[in-house]
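Enquirer: Quick one: the structure is below, questions incoming.
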């Protein structure tokens, strides 16, 4: 197996599986159907996280193939829980200036509310960029290990280009490439 150290290799490896169109379409359809209900939204997130982790397992094992579509709830629940807890903490931190700004009113209050919204945008982008490190911490130390912010910071600092690069690549796929494909 050739190394996947460059962005092109990382983006292209799923397409080496001859069954990729069917597997991506069926997994996307499963995610969409689950997302139609309030109860299904977290299930869709857990299933997609589990499917992604299973694909990464295949890649680490040298198999350039996507896993078949399915509910990978057992595989994905820990990563989903870690990301959810970080997101909830981020929401609380961002809500403080927003609520304070709304209560204060005026230009200063508006600026404070905009600061809180900007904090949420920046923080959610950072959370996506930190996802590869969160995966590694969740795999090695479980939910509690991944919630140790000092370990997360140390891991990101140890390999900043690789960690942030992989995270920003996933952000590129999620927020830029996916909508373009959907609109085509």
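Residue numbers (our numbering): 342 to 525.
We put the CB at the ideal spot given by N, CA and C, even for glycine.
Only a predicted model underlies this, so the values are computations on that prediction, with no experimental measurement involved.
Given residue 442, which residues of its chain have a CB within under 8 angstroms of its CB, disregarding the five upstream and five downstream residues?
Expert: 449, 450, 451, 452, 453, 454, 455, 456, 457
Enquirer: Check whether the stretch 423-440 and the stretch 458-474 are in contact - that is, three or more C-beta pairs closer than 8 angstroms.
Expert: yes
Enquirer: Out of 468, 496, 459, point me to the one whose CA is closest to residue 478's CA.
Expert: When each option's Cα is compared against that of residue 478, the closest is 496.
Enquirer: Measure the alpha-carbon distance for residue 489 versus residue 416 and round it to whole angstroms.
Expert: Distance between the alpha carbons of residue 489 and residue 416: 21 angstroms.
Enquirer: Please name the residue in 445, 425, 356, 377 whose C-alpha comes closest to that of residue 468.
Expert: The shortest Cα separation from residue 468 among 445, 425, 356, 377 belongs to 425.
Enquirer: My output table needs one value for residue 466: the three-state DSSP class, helix, strand or coil.
Expert: Residue state, collapsed to three classes: helix.
Enquirer: What is the residue span of the alpha helix (DSSP H) that residue 396 lies within?
Expert: 381-401
Enquirer: Do you know offhand how far residue 342's Cα is from residue 436's?
Expert: In this prediction, residue 342 has a pLDDT of 44, which is less than 50 and means its spatial position is unreliable; what the coordinates show is noted afterwards. Rounded to the nearest angstrom, the two C-alpha atoms are 47 angstroms apart.
Enquirer: Just to confirm, are residue 407 and residue 364 a CB contact at a threshold of 8 angstroms?
Expert: yes
Enquirer: State the DSSP-derived secondary structure class of residue 376, mapped to helix, strand or coil.
Expert: coil
Enquirer: My understanding is that residue 354 touches residue 414, with C-beta atoms under 8 angstroms, so please give their C-beta distance in whole angstroms.
Expert: Rounded, the Cβ-Cβ distance is 25 angstroms, inconsistent with contact.
Enquirer: Between the alpha carbons of residue 400 and residue 360, how many angstroms are there, rounded?
Expert: Whole-angstrom Cα-Cα distance: 15 angstroms.
Enquirer: Report all residues from its chain with a CB closer than 8 angstroms to the CB of residue 476; omit the five preceding and five following residues, and keep chain order.
Expert: 394, 397, 420
Enquirer: Which residue wins for smallest C-alpha separation from residue 473, given the options 446, 423, 440, 485?
Expert: 423
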